[in-house]
Amino acid sequence: MRIGAHVDPTDPLAEAAARDAEAVQFFLADPQGWKAPKPREDAERLRAADVDLYVHAPYVINVATLNNRIRIPSRKLLLSHAAAAATVGARGLIVHGGHVNAGDDLAAGFDNWRKTFAYAADSGGFPLPILIENTAGGDNACARHLDALARLWDALGDYEVGFCLDTCHAHAGGEELLGLVDRVKAITGRIDLIHANNSKGTFNSGQDRHDNLTGGTIDPELVVAVIRAAGAPVIVETPGGVEGQAADIAFLRGQLGAAA
Numbered sequence: 010m011r012i013g014a015h016v017d018p019t020d021p022l023a024e025a026a027a028r029d030a031e032a033v034q035f036f037l038a039d040p041q042g043w044k045a046p047k048p049r050e051d052a053e054r055l056r057a058a059d060v061d062l063y064v065h066a067p068y069v070i071n072v073a074t075l076n077n078r079i080r081i082p083s084r085k086l087l088l089s090h091a092a093a094a095a096t097v098g099a100r101g102l103i104v105h106g107g108h109v110n111a112g113d114d115l116a117a118g119f120d121n122w123r124k125t126f127a128y129a130a131d132s133g134g135f136p137l138p139i140l141i142e143n144t145a146g147g148d149n150a151c152a153r154h155l156d157a158l159a160r161l162w163d164a165l166g167d168y169e170v171g172f173c174l175d176t177c178h179a180h181a182g183g184e185e186l187l188g189l190v191d192r193v194k195a196i197t198g199r200i201d202l203i204h205a206n207n208s209k210g211t212f213n214s215g216q217d218r219h220d221n222l223t224g225g226t227i228d229p230e231l232v233v234a235v236i237r238a239a240g241a242p243v244i245v246e247t248p249g250g251v252e253g254q255a256a257d258i259a260f261l262r263g264q265l266g267a268a269a
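Taking my numbering, I'd label the letters of the sequence shown as residues 10 to 269.
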């Protein structure tokens, strides 16, 4: 089981070494912006490294929305990030499940996800796995609650789609962590990556506020239980920089090793 962290994109391999991480996740462009990623001079070094790489798509992407001014650029930006992530040898591109606006039909949001994969298929398909991530907040979200996630997966049934399970998002989104892996796999058939985060927000608060694994409102043993049940690679997206994330990685290795 490979364990790592979300890091600064300037030199991901140096960040991995500083944390004793076997995997890293990073952005390829401004996470709050609409610019396509630029080619990386270190692409060959990244591809050759003995570190598993994951890329997180910008937060602004929302392919579910009925707003054409956001949805259409979102599709294009997702495809450009997928292409760029493939050039560095990433194992997956993580993207949030998105939402529709209040008063809009959520069914249209699921169909917009289907259209996104159809749009990509028209140009040869995504060049690496797209990992849709569950989200913490919003009453009109496509991947906050498991009933919505089931409708999303039904809409995407003709396509190969991966899933990233975030423990903070699940807890803050109102999904109990105990037994969650089995409930998710009953819908998706897979969990490709775990975002192992504790939560500053309380259960069902809708607050996307990460905390270190031994802090926050989630029993750390529940986070460990999710990881053990999923058997998937792990990325911590926790605060505290090198020191905080290195401690979280060491904590997970100690807990998972002790249970082996």
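C-beta: ideal position from N, C-alpha, C; glycine also.
Does DSSP put H204 in a helix, in a strand, or in coil?
Three-state result, H204: strand.
Could you tell me if Q254 is buried or exposed, where buried requires 16 or more neighbouring beta carbons within 10 angstroms of its beta carbon?
With 16 or more other Cβ atoms within 10 Å, it is buried.
Starting from the Cα of D61, find the closest Cα among G13, I236, E184 and S83 and give me that residue.
When only C-alpha atoms are compared, the closest one is G13.
Can you tell me which of the three DSSP states E230 falls into?
Residue state, collapsed to three classes: helix.
Return the CA-CA distance between G133 and N207, expressed in angstroms with no decimal places.
Approximately 38 Å between the Cα atoms of the pair.
Anyone know if the C-beta pair for Y63 and A99 falls short of 9 Å?
Going by C-beta atoms, Y63 is nearer than 9 Å to A99.
Mind checking which residues open and close the beta strand (DSSP E) that includes F354?
An answer regarding residue 354 cannot be provided, because it is not within the stretch 10 to 269 covered by the chain.
Where does A241 land, buried or exposed, given buried means 16+ other C-beta within 10 angstroms?
Classification of A241: buried, given that the 10 Å Cβ count is 16 or more.
Could you spell out the range, first to last residue, of the alpha helix (DSSP H) harbouring D191?
Its alpha helix (DSSP H) spans residues L189 to T197.
Considering only residues of the region 38 to 114, which uninterrupted alpha helix (DSSP H) runs meet the minimum length of 4 residues and lie entirely inside it, listed in chain order?
Whole alpha helix (DSSP H) segments, 4+ residues: 52 to 57 and 77 to 96.
Do you know how far the Cα of A234 is from the Cα of A164?
Taking the straight line from one Cα to the other gives about 30 Å.
Grab me the residues of R84's own chain with a C-beta within less than 7 Å of its C-beta, minus the 5 sequence neighbours each way, in chain order.
Here the set comprises V72, T125 and Y128.
Might you give, ordered along the chain, the residues of its own chain that have their beta carbon closer than 8 Å to the beta carbon of G42, omitting 5 neighbours on each side?
The answer, listed in chain order, is P67 and V69.
To the nearest angstrom, how far is it from the Cα of H154 to the Cα of C173?
The straight-line gap from Cα to Cα measures roughly 14 Å.
Could you check whether L115 and V109 sit closer than 9 Å to each other, using their CB atoms as the reference points?
Yes.
Just to confirm the assignment: which complete alpha helix (DSSP H) runs, minimum length 4, are found wholly within the region 113 to 153?
The qualifying runs are 115 to 130.
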